[in-house]
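Peer 1:
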Amino acid sequence: MITHHLSKLLIRRFHAALVLACLALLGTIAPAEAACVPSASTACLQGGRFSVSVTHGGNTSQVVSSTSDSALFSTFWSTTYEIIVKVGDGCALNSRYWVFAAGATSISYDVTVQDHVRGLVIRYPSASCPLIDDSTFDC
Numbered sequence: 001m002i003t004h005h006l007s008k009l010l011i012r013r014f015h016a017a018l019v020l021a022c023l024a025l026l027g028t029i030a031p032a033e034a035a036c037v038p039s040a041s042t043a044c045l046q047g048g049r050f051s052v053s054v055t056h057g058g059n060t061s062q063v064v065s066s067t068s069d070s071a072l073f074s075t076f077w078s079t080t081y082e083i084i085v086k087v088g089d090g091c092a093l094n095s096r097y098w099v100f101a102a103g104a105t106s107i108s109y110d111v112t113v114q115d116h117v118r119g120l121v122i123r124y125p126s127a128s129c130p131l132i133d134d135s136t137f138d139c
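Heads up, the sequence shown is in my numbering, so the first residue is 1 and it goes up one at a time.
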């Protein structure tokens, strides 16, 4: 049983390292800013540890509403909600924060998540619907 658990843990760590290596090759990792600063286009999630922003069809999306773990974005009309991004706390399950995004749009969008504790910025270009990343951001 212990061997099986260790194997699963090693596979998850390898997967996370592989994802980071691929993102680095794509040029989507950059140094993070020191602290999350909420704005009309940036939501601060998980107590300000993460900042989230979206570009949609080449335009900067605006934060319409946010909670401690999710944000709703609008791009063209403030009454039309187009993209939701959630950073979930999966620390108890796999020692990672999970990023999810989904859009009610046919136009491609990019999601950028900054981890202000670990100093990591990940840009998910042309995010597929749904975007699921449960291995990049360590707790």
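Glycine residues also receive a C-beta, built at the ideal position from the N, C-alpha and C atoms.
1. Just verifying my parser: in three-state terms, what is the DSSP assignment at residue 104?
2. What's the C-alpha gap between residue 171 and residue 104?
3. Out of 95, 62, 56, which one is the CA nearest neighbour of residue 137?
4. Have a look at residue 23 and residue 77 and give me their C-alpha separation to the nearest angstrom.
5. Between residue 54 and residue 99, which are expected to be in contact by the criterion C-beta below 8 Å, what is the C-beta distance as a whole number of angstroms?
6. Give me the residue from 129, 52, 135 with the minimum Cα distance to residue 65.
Peer 2: Judging by the given coordinates:
1. DSSP places residue 104 in coil when its eight states are reduced to three.
2. A query on residue 171 cannot be resolved here, the shown segment of the chain reaching from 1 to 139 and no further.
3. It is 95 whose Cα lies nearest to the Cα of residue 137.
4. Caution is warranted here: a pLDDT of 41 is assigned to residue 23, below 50, making its placement in the model unreliable, and no coordinate value can be reported.
5. Not confirmed; about 12 Å, so no contact.
6. 52
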